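*Asks:* Just passing along the structure, written as structure tokens.
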Amino acid sequence: EPTLGAAAAQSGRYFGAAVAGGRLSDGAYTTILNREFNVVTAENEMKIDATEPQQNNFTFGNADRIVNHALNRGWKVRGHTLAWHSQQPGWMQGMEGSSLRSAMLNHVTRVATYYRGKILAWDVVNEAFDDGNSGARRNSNLQRTGNDWIEAAFRAADSADPNAKLCYNDYNTDNWTWAKTQAVYNMVRDFKSRGVPIDCVGFQSHFNANSPYNSNYRTTLSSFAALGVDVQITELDIEGSGSTQANTYRNVVNDCLAVSRCNGITVWGVRDCDSWRSSGTPLLFDCNGNKKAAYTSTLDAL
Ligand code: XIL
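Mind the numbering: the sequence shown is residues 42 to 343 in the UniProt record's numbering, read in order.
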């Protein structure tokens, strides 16, 4: 029986899933996970609130269970995420200015150092741009520490874990015509021209009625790749069902395979009932663990 991971490996790519630590004791879940995937992302366990619940008091137990599950099987890990406006611990939510800047850089350094050599790619910075037509940075406590906070985070991550790929990750950056996409593109171009250490861009790719898959996705992936970065599909899920959903999964895979620097795809969960979307059926396996039409179209396209 072919699997997603083995099929992706035929073209040198990986096929990953977001893993919730609490599900690792569910045998039906791990049967699918262990069979189909070869990269994992911790769905929540490596985030700032999970790894530094009190300032300078780091806890890695829950993240380590996921990392070890992967490394023990010869898989790779995407590190998610070092600097983000969301899922900050309470102590960080209340901080501003230079003390926040120092705390953020300390967090990046400590977490990336702890996992040095174990991470395929870090989402160094997540979701730093606004939705809508402005192309502006998102107004967050991190942004208010100064516009250079993103490059400062990348430089700190590079010092701490020099061999990991360092990614910028975001959503609503899939459609080439959107201002947010262009704003991220301009930032990456600027970083490459000034030698800021960025290696990859993650496209979350949560597709739904408000942000549907668009056929210019391939143009987006290839345009970013032409800047000299890898591109990865990092949090794929697609609202819908049946053949419509299966076709969209097929299109996404075809678009990645058309871009040589698109080196991996991660789905944001295993079964529909594991999805962060409280309603809907956006993943490749149904709640009973059966393969959906979307699974078959994905496998066929790989
Ligand atoms: C989501 C998780 O899936 C949920 O369990 C959690 O409650 C909220 O975060 N973009 C990201 C991910 O980068 O970290 C988010 O994950 C989904 C959107």
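Every residue, glycine too, gets a C-beta built ideally from N, C-alpha and C.
All values derive from a computational prediction rather than experimental measurement.
Hey, how far is the Cα of ALA48 from the Cα of GLN95?
*Replies:* Computed Cα separation, rounded: 42 Å.
*Asks:* Using only the heavy atoms of ligand 1, determine whether one of them is closer than 7 Å to the beta carbon of GLU276.
*Replies:* Indeed, a heavy atom of ligand 1 lies less than 7 Å from the Cβ.
*Asks:* Distance, Cα to Cα, ASP105 vs GLY115?
*Replies:* Straight-line Cα distance between these residues: approximately 15 Å.
*Asks:* Ordered along the chain, which non-local residues of its own chain (more than five positions away) have a Cβ less than 6 Å from that of VAL165?
*Replies:* LEU123, ALA194, PHE195, ALA198, LEU207.
*Asks:* Is the closest heavy atom of ligand 1 to the C-beta of TYR258 under 7 Å?
*Replies:* For ligand 1, not one heavy atom lies less than 7 Å from the Cβ of TYR258.
*Asks:* With burial defined as no fewer than 16 other Cβ atoms inside 10 Å of the residue's Cβ, what is the status of THR72: buried or exposed?
*Replies:* Exposed, because fewer than 16 other Cβ atoms sit within 10 Å of the Cβ of THR72.
*Asks:* Look at ASN167 and TRP125 and say whether their C-beta atoms are less than 8 Å apart.
*Replies:* A contact, by the Cβ cut-off of 8 Å.
*Asks:* At a cut-off of 7 Å, would you count GLN129 as near ligand 1, judging by its Cβ distance to the nearest heavy atom?
*Replies:* No; taking the cut-off as 7 Å, the Cβ of GLN129 has no heavy atom of ligand 1 nearer than that.
*Asks:* Helix or strand or just coil, what does DSSP make of TYR55?
*Replies:* Correct three-state label for TYR55: strand.
*Asks:* Could you tell me the alpha carbon to alpha carbon distance between SER319 and ARG235, rounded to whole angstroms?
*Replies:* Roughly 42 Å between the two C-alpha positions.
*Asks:* Based on the DSSP output, what are the partners of ALA124 in its beta bridges?
*Replies:* DSSP output for ALA124 lists VAL166 as bridge partner(s).
*Asks:* What's the call for ASN97, buried or exposed, on a 16-neighbour Cβ count within 10 Å?
*Replies:* The residue in question, ASN97, is exposed, as its Cβ has fewer than 16 Cβ neighbours within 10 Å.
*Asks:* Closer than 7 Å: is that where the CB of TRP309 sits relative to any heavy atom of ligand 1?
*Replies:* At least one heavy atom of ligand 1 is nearer than 7 Å to the Cβ of TRP309, so yes.
*Asks:* From what residue to what residue does the beta strand (DSSP E) around PHE78 run?
*Replies:* Here PHE78 belongs to no beta strand (DSSP E), and DSSP marks it neither H nor E.
*Asks:* If distances are taken between C-alpha atoms only, which option among CYS241, THR82, LYS333, PHE101 comes closest to THR154?
*Replies:* Nearest option by C-alpha distance: PHE101.
*Asks:* Measure the beta-carbon distance from ILE239 to TYR209 and round it to whole angstroms, keeping in mind my assumption that it falls under 8 Å.
*Replies:* Sure, about 6 Å apart at Cβ, within 8 Å.
*Asks:* With DSSP as the reference, label LEU45 as helix, strand or coil.
*Replies:* It is helical.
*Asks:* Relative to the C-alpha of TYR226, which candidate in TYR70, SER263, GLU137, TYR254 has its C-alpha closest?
*Replies:* Out of TYR70, SER263, GLU137, TYR254, SER263 has the C-alpha closest to the C-alpha of TYR226.
*Asks:* Keeping to the same chain, check which residues put their C-beta closer than 7 Å to that of GLY321; ignore five residues upstream and five downstream.
*Replies:* So the qualifying residues of the chain are GLU280.
*Asks:* Say yes only if the C-beta of ASN85 is nearer than 7 Å to one or more non-hydrogen atoms of ligand 1, and no if none qualify.
*Replies:* Yes, the Cβ of ASN85 comes within 7 Å of a heavy atom of ligand 1.
*Asks:* Alpha carbon to alpha carbon, how far is ASN329 from ARG312?
*Replies:* Rounded to the nearest angstrom, the two C-alpha atoms are 8 Å apart.
*Asks:* Please list the terminal residues of the continuous beta strand (DSSP E) segment that includes LYS206.
*Replies:* Unbroken beta strand (DSSP E) run through LYS206: 206 to 211.
*Asks:* Taking only three categories from DSSP, how would you classify ILE89?
*Replies:* Note: ILE89 maps to helix in three-state DSSP.
*Asks:* Should THR275 be labelled buried (16 or more other beta-carbon atoms within 10 Å of its own) or exposed?
*Replies:* Buried, since its Cβ has 16 or more Cβ neighbours within 10 Å.
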